[in-house]
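Comments concern the structure below.
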């Protein structure tokens with residue numbers, strides 16, 4: 001085929017080549033020196049080929065589904081299938097996994113991989129033109145520039161209304177834009193052209209949602225992936241200067257020109273803060289972590305919760321110039337919703353917060369675990385990791401102590417349950433409560449419980465059980481409306497879990513104190529978290 005095609009007049013060759021798909025164009029240019037000179041592919045042509053390859057399941061993996069209305073995503077955020085999905089960077093011309101990009105680069109409407117139902121990659125056509133060919137600048141028939149701009153503005157407003165359940169761009173103190181039918185009609189909302197305001201108000205929320213979803217689907221079919229040619233990986237954005245820090249602004253993110261910090265694509269659930277900043281560290285120790293998570297202390301609106309969702313962040317080490325999870329640079333906070341912002345501050349393991357200067361030079365001197373060990377030695381890294389580990393373990397021990405002493409608010413419930421009890425029971429119950437460690441006595445940020453306190457709580461637990469069994473034998477239970485047996489079972493179960501984690505963390509902290517090099521083995525191991533190397 002290559003020989004016969006090369007014998008045709010050049011005008012016919014150009015016409016045929018223009019109808020090739022991007023993959024076929026590059027393949028043709030590699031068949032012979034003749035077509036290499038004729039096609040002479042540029043970077044744009046290789047980028048188009050890569051954008052077509054990312055849509056092929058055998059090259060770019062499956063196409064994730066994302067719904068902006070409720071942030072539904074499939075595969076799920078923690079599904080291992082994400083490791084098989086690749087996206088094209090049109091700057092460095094590579095197919096890369098999600099760790100190389102931020103959320104906007106792969107989930108924003110214009111940057112998403114379009115579904116095969118929207119676009120078949122086998123029908124893609126190259127935009128190649130022969131060298132020296134000048135594209136006609138004559139205005140095309142259709143809408144003028146101003147008309148197209150107005151139409152684009154209407155479409156953006158309509159999409160904003162659809163993916164926010166009708167609120168649109170309205171401020172939270174203002175009523176939703178969907179309250180005004182005229183606004184919806186002005187935005188070009190389909191399916192309501194013959195509807196009056198009264199009829200629209202009478203629609204159920206499900207019917208309105210169906211209208212919004214139908215309109216959003218039409219827009220997504222038209223605009224999904226139309227900016228993929230602008231997608232760049234984090235490293236290319238850094239090299240092009242797109243990650244320069246903002247020098248002012250409320251809540252600006254901690255980063256410098258040498259060490260940018262970006263939110264990772266993933267939000268992962270963890271059972272404790274140590275799991276967030278030292279994931280899997282107990283595998284390098286003799287004291288292994290329990291195989292389950294204990295109940296959280298005061299998880300607001302999440303009764304019975306055993307894990308916390310925490311955001312991950314990617315940072316570029318100024319030393320080795322590798323993108324890694326932020327924990328590998330030993331920068332992190334203690335509280336749940338910590339972000340690397342100037343407003344919230346951050347913690348460092350090498351120094352105390354008072355000694356740490358929040359200056360650009362300080363961040364520029366940051367080094368990942370591997371670089372820090374290479375420059376300062378493994379002993380210095382062990383000391384730095386131990387200081388950070390000790391701070392986090394103390395905080396986690398305090399949370400477990402509060403969980404043990406609240407158990408969960410059991411003492412308050414049985415106290416109320418005994419309000420109408422005979423005096424002989426109240427006297428014995430008061431003695432049990434007075435001789436038990438309480439939450440108020442240890443309300444400090446430093447761990448204060450001892451093994452003796454745990455044994456005391458267990459003893460008082462047994463004494464209360466004997467008191468209740470004696471009450472049941474006498475048949476004198478009409479004064480309480482609480483299910484004391486159920487409360488006791490809950491108390492025992494929660495205390496067992498919290499105590500097991502407390503004893504493990506106490507032993508684990510003692511082991512790390514005696515052998516801090518175990519943290520170095522964990523940090524420099526194969527699974528230390530050096531996720532992305534550029």
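In the UniProt record's numbering, the protein residues as written are 1 to 534. Think of the CB as a built atom: it goes at the ideal place given N, C-alpha and C, for glycine as much as any other residue.
Requested in this report: Could you name each continuous beta strand (DSSP E) segment of 3 residues or more that falls completely within the region 102-186, going from the start of the chain to the end?
Outcome: Whole beta strand (DSSP E) segments, 3+ residues: zero.
Query raised in the report: If you draw a straight line from the C-alpha of residue 270 to the C-alpha of residue 81, how long is it?
Result: Rounded to the nearest angstrom, the two C-alpha atoms are 20 Å apart.
Query raised in the report: Can you check whether the CB of residue 309 is closer than 8 Å to the CB of residue 366?
Result: Cβ atoms of residue 366 and residue 309: not closer than 8 Å.
Query raised in the report: Would DSSP call residue 4 helix, strand or coil?
Result: Helix, per DSSP.
Query - Limits of the beta strand (DSSP E) - the one that residue 313 falls within - result: Segment 308-316, the beta strand (DSSP E) holding residue 313.
Report task. In angstroms with no decimal places, state the Cα-to-Cα distance between residue 457 and residue 295. Result -> About 18 Å.
Query - Per-residue burial, residue 52 [other beta carbons within 10 Å of its own, 16 or more giving buried] - result: Residue 52 comes out buried.
Query raised in the report: Just reading off the beta strand (DSSP E) that residue 37 is part of, what are its end residues?
Result: Per DSSP, residue 37 belongs to no beta strand (DSSP E); it is in the alpha helix (DSSP H), 33-39.
Query raised in the report: What do you get for residue 315, buried or exposed, if any count of 16 or more other CB atoms within 10 angstroms of its CB means buried?
Result: The residue in question, residue 315, is buried, as its Cβ has 16 or more Cβ neighbours within 10 Å.
Requested in this report: State whether the region 508-528 contacts the region 273-285, with contact taken as three or more CB pairs (one from each stretch) at a distance under 8 Å.
Outcome: Using a C-beta cut-off of 8 Å, the region 508-528 makes contact with the region 273-285, since at least three inter-stretch Cβ pairs fall below that distance.
Query raised in the report: For residue 76, does the three-state DSSP call read helix, strand or coil?
Result: DSSP places residue 76 in coil when its eight states are reduced to three.
Requested in this report: Using the DSSP secondary-structure output, state which residues sit across from residue 281 in a beta bridge.
Outcome: BP columns for residue 281 are empty, so no partner.
Query raised in the report: By Cβ distance, which residues of its chain are closer than 7 Å to residue 19, with the 5 residues on each side in sequence left out?
Result: Sequence-distant partners of residue 19 (beyond 5 residues in either direction) whose C-beta falls short of 7 Å from its own C-beta, in its chain, are 125.
Query raised in the report: Under a three-way DSSP split, which group does residue 269 fall into?
Result: Residue state for residue 269 is assigned as strand, using DSSP reduced to three classes.
Query - Other residues of its chain near residue 128: CB distance less than 6 Å, five sequence neighbours each side excluded - result: Correct list, in chain order: 25 and 45.
Requested in this report: Starting from residue 89, trace the beta strand (DSSP E) both ways and give me its first and last residue.
Outcome: Counting along the chain, the unbroken beta strand (DSSP E) around residue 89 starts and ends at 87-89.
Query raised in the report: Going by alpha carbons, who is nearest to residue 156 out of 172, 175 and 109?
Result: It is 109.
Requested in this report: Compute the Euclidean distance between the alpha carbons of residue 572 and residue 312, then round it to the nearest angstrom.
Outcome: Here the chain has residues from 1 to 534 only, and residue 572 is not among them.
**Report entry** Top-ranked residue by Cα proximity to residue 120, from 221, 472, 516 and 393
**Finding:** Considering only alpha carbons, the answer is 221.
**Report entry** Delimiting residues of the alpha helix (DSSP H) encompassing residue 423
**Finding:** That run of the alpha helix (DSSP H) goes 423-434.
Query raised in the report: Which of helix, strand or coil does DSSP assign to residue 389?
Result: In this structure, residue 389 counts as helix in the three-state DSSP scheme.
Query raised in the report: What number of angstroms, rounded off, separates the C-alpha of residue 455 from the C-alpha of residue 75?
Result: Going by C-alpha positions, residue 455 is about 47 Å away from residue 75.
Query raised in the report: From this set, 273, 320 and 147, which residue's C-alpha is nearest residue 390's C-alpha?
Result: Ranked by Cα distance from residue 390, the first of 273, 320 and 147 is 273.
Query - In DSSP terms, what residue 594 is bridged to - result: Past the boundaries of the shown model lies residue 594; the chain is included only from 1 to 534, so the question cannot be answered.
Query raised in the report: Mapping DSSP to helix, strand and coil, what is residue 64?
Result: Correct three-state label for residue 64: coil.
Report task. Could you check which residue in 163, 91, 464 and 239 has the C-alpha nearest to that of residue 487? Result -> Per the Cα distances, 464.
Requested in this report: Within the same chain, show all residues whose beta-carbon is closer than 6 Å to that of residue 363, passing over the 5 residues directly before and after it, in chain order.
Outcome: Closer than 6 Å at the Cβ level, and outside the excluded window around residue 363, lie 256 and 259.
Report task. Determine the direct distance from the alpha carbon of residue 495 to that of residue 400, and round the result to whole angstroms. Result -> Going from the Cα of residue 400 to the Cα of residue 495 covers about 10 Å.
Query raised in the report: By DSSP, does residue 331 sit in helix, in strand, or in coil?
Result: The three-state reading of DSSP puts residue 331 in strand, counting E and B together.
Query raised in the report: Of the choices 168, 162, 170 and 203, whose alpha-carbon is the least far from that of residue 190?
Result: Minimum Cα distance to residue 190 is reached at 162.
Query - Nearest-angstrom Cβ-Cβ length linking residue 233 and residue 96, presumed shorter than 8 Å - result: The Cβ separation is near 6 Å, so the contact holds.
Query raised in the report: Roughly how many whole angstroms lie between the Cα atoms of residue 184 and residue 216?
Result: Straight-line Cα distance between these residues: approximately 13 Å.
Query raised in the report: Looking at the unbroken beta strand (DSSP E) that takes in residue 94, where does it start and where does it end?
Result: Residue 94: member of the beta strand (DSSP E) spanning 94-96, first to last residue.
Query raised in the report: Is DSSP giving residue 524 helix, strand or coil here?
Result: Residue 524 falls in the coil class under three-state DSSP.
**Report entry** Which listed residue (489, 160 and 306) has its alpha carbon closest to that of residue 219
**Finding:** The closest CA to that of residue 219, considering only 489, 160 and 306, is found on 160.
Query raised in the report: With a CB to CB cut of under 7 Å and the five nearest residues on each side skipped, what residues in its chain are close to residue 393?
Result: Excluding residues within five positions, the ones whose Cβ falls inside 7 Å are 274, 505 and 509.
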